[in-house]
Amino acid sequence: MPGNGQAVTRRTEARSGEGPAPVLSRGVVMLFAVACGAAVANVYFSQPLLVTMGHDLAMSPALVGSVVTLTHVGYGLGLFFLVPLGDVADRRRLVVAQLLLLVVALAVVAAAHAAAILLMGMAATGLLAVVTQTLVAFAAALAPPAGRGRVVGLVTSGVVVGILLARTASGLMADLAGWRSVYLASASLTALLALVLYRALPRRCDAPPTTLRYGQLLRSTITLFARERLLRLRALFGLLIFAAFSTLWSSVALPLSDAPYFLPHSAIGALGLIGVAGALAATVAGRLNDRGLSRRTTGIALALLAGSWLPLAFTRSSLWALVVGVILLDLAVQAVHVTNQTLIYALYPDAGSRLIGGYMVFYSIGSATGALAATSLYTVAGWGAVCALGAGFSGVGLVLWAFTRHRTPAPLPPRCLLPARVEGSR
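Read the sequence shown against my numbering and you will find it ends at 470, with the numbers running on by one and no gaps.
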């Protein structure tokens, strides 16, 4: 097992002249990706298990539904209250501490014999699963500016795989050994990853430490959004693409479980395997960003996203149309997502955790909006209306890009965010 600091295979001088910058080996970048995928999967494990959980713990349907809600609420709170700590704390220690606490939360879920304990454990699991975004910011900080898009793309591909395979994996494990085995297995894997990351990650990053107190740190996240037009624009793109993403994935099981298909849950869950193609888009988009093609990548991806709803509209008559639509949608969403993260991190590398954490809050808002609107609309108007909703979110994103692409300045060289400026003073 590698020792501390072996995550850095060689060192080069940063282009900004700030001293040596670490260059990550591909193996360690893949370790970041695996850890991100394993952590974020905990947010989605419960979705195919809700009925079984409810029967086991004698929970009402409304209470069972709150399992997913509380997990996402915890994740949203963690994005704002925990992820920014990466800008003031040793990220290596922060990652390991969050992973170990996540092990405890997962163990509580696995051992829960009362609804209240399960709900508390799920909320804590969501809160601590934001270690995913701490890892993304950490990887971006360790990457050289010229290769940052590639690194962010590879790490994000792990997130994509974790999200899409979580439902499939949890459903299969629950069928074999019960729903509690899912969380016991995840706790074991998380503990192992904590040990490996503790040994593999460098003890410190070359970025200068931020001296803000915790309250100032949280306020500075809001200040950054008020100051930076690019950050606001990219956060809005994030909200729209994940609203479209959630519109599909929160409702696609409904037409597939109905006539003419009547597919079982395991077959519907396997649909997530198709979406793994989005991981390819994440890596390609990262490389395109390194070549300065972020605007073009965003426009093409948003056009693909809007176009994906045409084949998706024929889901009831053709599973092949569904497959094509899913591939196009996931490719587009991940391409825009990686572009967003790469661009906003470059604004202030020393505030990377705050930038990514704040951006991901918009991701959560978009996901929740798409899920709520899609499931409600399907009940009253059917699958065609859901596709129109998804196309609407996608179309708004494309129009926004068309109107802002010439007015949005190209990203400036990385800047240093001084504490006085963070608090809004000039």
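The C-beta atom is built at its ideal place from N, Cα and C for all residues, glycine as well.
Asked                                                                                                                           : Found
Beta carbon of T113 nearer than 7 Å to that of V87                                                                              : no
Uninterrupted alpha helix (DSSP H) stretches inside the segment 78–149 (no shorter than 4 residues)                             : 94–100 and 105–125
Cβ-based neighbour list, L93, same chain, cut-off 8 Å, excluding 5 preceding and 5 following                                    : S214, G215, A218, W223 and V226
Given 8 Å, three or more beta-carbon pairs between the segment 66–80 and the segment 234–249                                    : yes
7 Å Cβ shell around Q50 - same chain, five flanking residues per side excluded                                                  : The predicted position of Q50 is uncertain, since its pLDDT is 41 and thus under 50; a value taken from the coordinates is nonetheless stated next. The answer, listed in chain order, is A244.
Where T423 falls, given that 16 or more other Cβ within 10 Å makes a residue buried                                             : exposed
Rounded straight-line distance, which links the Cα of M103 to that of V203                                                      : 31 Å
Simplified DSSP assignment, three categories, for L68                                                                           : strand
CB-CB length for G396 against F124, believed under 8 Å                                                                          : At roughly 15 Å, the Cβ-Cβ gap does not stay under 8 Å, so G396 and F124 are not in contact.
Pair within 7 Å by beta-carbon distance, G330 and G193                                                                          : yes
Where the alpha helix (DSSP H) containing P299 begins and where it ends                                                         : A297 to L300
Sequence-distant residues of its chain with Cβ nearer than 8 Å to P105 (five each side left out)                                : G98
Three-state class that DSSP yields for V153 in the structure shown                                                              : helix
Alpha carbon of A365 to alpha carbon of L375, nearest angstrom                                                                  : 16 Å
Three-way DSSP call (helix, strand, coil) for G336 in this model                                                                : coil
Any C-beta of chain E under 7 Å from that of G369                                                                               : The structure shown contains no chain E, having only a single protein chain.
Residue from Y403, A287 and A181 whose Cα sits closest to the Cα of E272                                                        : Y403
N-terminal and C-terminal residue of the alpha helix (DSSP H) that F306 is part of                                              : Element bounds for F306: n/a, residue is neither H nor E.
Close-in-space but distant-in-sequence residues of the same chain around T419 (CB under 7 Å, 5 per side omitted)                : S294 and S295
Beta-carbon spacing of I281, V180 below 7 Å                                                                                     : Ile is not the amino acid found at residue 281; the sequence shown has Phe there. No, they are not a contact pair.
Nonlocal neighbours in the same chain, by C-beta distance under 8 Å from V127, ignoring five residues either side               : V174, Q177, T178, A181, S397, R398, I400, G401 and M404
DSSP-derived helix/strand/coil call for D250                                                                                    : Residue placement at D250 is poorly supported in this model, since its pLDDT is 49, which falls under 50; the coordinates still yield a value, given next. Reduced to three states, the DSSP call for D250 is coil.
Close Cβ partners of S290 (< 6 Å) along its chain, the five nearest in sequence each way excluded                               : S411, G414 and A415
The segment 351–367 contacting the segment 426–435, beta-carbon criterion three pairs below 8 Å                                 : yes
Beta carbon of L208 nearer than 7 Å to that of G81                                                                              : no
Contacts around P299, its chain only, beta-carbon distance under 7 Å, and the 5 residues preceding and following it disregarded : T359, R360 and W427
Straight-line Cα distance separating L363 from R263                                                                             : 48 Å
Cα-Cα separation between L172 and A184, rounded to whole angstroms                                                              : 20 Å
Assigned secondary structure, P188 (DSSP; H/G/I helix, E/B strand, else coil)                                                   : coil
Buried or exposed by the 16-neighbour rule on C-beta atoms within 10 Å, applied to F286                                         : buried
Under the three-state DSSP convention, the category G436 falls into                                                             : helix
Closest Cα partner of L268 within the set S90, V430, P393 and V108                                                              : P393
Beta-carbon separation (whole angstroms), A325 vs Q378, contact threshold 8 Å                                                   : 4 Å
Other residues of its chain near A151: CB distance less than 6 Å, five sequence neighbours each side excluded                   : A231
Pairwise C-alpha distance: A347 and A446                                                                                        : 10 Å
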